[in-house]
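Following the numbering used here, the numbering of the sequence shown begins with 26 at its first residue and continues without gaps.
The beta-carbon is built from N, C-alpha and C at its ideal position, and this holds for glycine as well.
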Amino acid sequence: MKDWENLELEDHYGIVFIDHSIPGRKHTRGEDALKFKDIADLVVLHDAGANSHEKYGYEAIYPQFKYRYDWTGCMPHTTVLSNTIDVSTWISP
Numbered sequence: 026m027k028d029w030e031n032l033e034l035e036d037h038y039g040i041v042f043i044d045h046s047i048p049g050r051k052h053t054r055g056e057d058a059l060k061f062k063d064i065a066d067l068v069v070l071h072d073a074g075a076n077s078h079e080k081y082g083y084e085a086i087y088p089q090f091k092y093r094y095d096w097t098g099c100m101p102h103t104t105v106l107s108n109t110i111d112v113s114t115w116i117s118p
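As structure tokens, then:
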């Protein structure tokens, strides 16, 4: 697949991991996470520490998800988002 931006997403996904970069494109991870907000049970964002929010565009997408869980047990931090599973009740280490 050469053009990931035009990938047609038609299925339901259990877990989607977002951990990529595209040279020359800023905020790609946040934009791509939004593509899955209504078709994935869980969207896992790697590198979700406070210093990464602007770099990846995460802060702008958080309000689009009903539930959010920030795992901060080690670096880099990871955030799990969902519109179907209440991940906000998960327990941190």
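Pick out whichever of E35, L34, D36, D57 has its Cα sitting closest to the Cα of H45.
-> For the purposes of this step, residue 45 is taken as residue 20 along the sequence shown, with counting starting at 1. The option with the nearest alpha carbon to H45 is D57.
Hey, would you say Y81 sits closer than 8 Å to D95, going by beta carbons?
-> Reading the sequence shown from its first residue, position 56 is the one you call residue 81. Reading the sequence shown from its first residue, position 70 is the one you call residue 95. The Cβ atoms of Y81 and D95 lie no closer than 8 Å to each other.
Look up M26 in the DSSP assignment and say whether it is helix, strand or coil.
-> On the sequence shown, residue 26 is found 1 positions in, with the first residue counted as 1. No answer about M26 holds up, because its pLDDT of 45 lies below 50 and its placement is not dependable.
CA-to-CA distance, C99 to L59, given in whole angstroms | The residue labelled residue 59 in the question sits at position 34 within the sequence shown. The residue labelled residue 99 in the question sits at position 74 within the sequence shown. Taking the CA atoms as reference points, L59 sits about 25 Å from C99.
Whole angstroms is fine: what's the gap from G74's alpha carbon to I86's?
-> Walking along the sequence shown from the start, residue 74 turns up at place 49. Walking along the sequence shown from the start, residue 86 turns up at place 61. Distance between the alpha carbons of G74 and I86 is about 14 Å.
Quick one: residues in its chain with C-beta nearer than 6 Å to the C-beta of F61, no 5 flanking neighbours on either side, listed in chain order?
-> For this step, residue 61 is matched to residue 36 along the sequence shown. Closer than 6 Å at the Cβ level, and outside the excluded window around F61, lie V41, V68.
Report the residue from L70, F90, D63 whose alpha carbon sits nearest the alpha carbon of Y38.
-> By 1-based counting over the sequence shown, the position of residue 38 is 13. Residue D63 is the option with its Cα nearest to Y38.
Examine chain C for any beta-carbon lying closer than 8 Å to the beta-carbon of V41, and answer yes or no.
-> Within the model displayed, chain C is absent; a lone protein chain is all it includes.
Cutoff 8 Å; reference M26; Cβ partners in own chain excluding five residues on either side = What you label residue 26 is simply residue 1 of the sequence shown in a count that begins at 1. Note on M26: pLDDT 45, under 50, position unreliable in the model; no value is reported.
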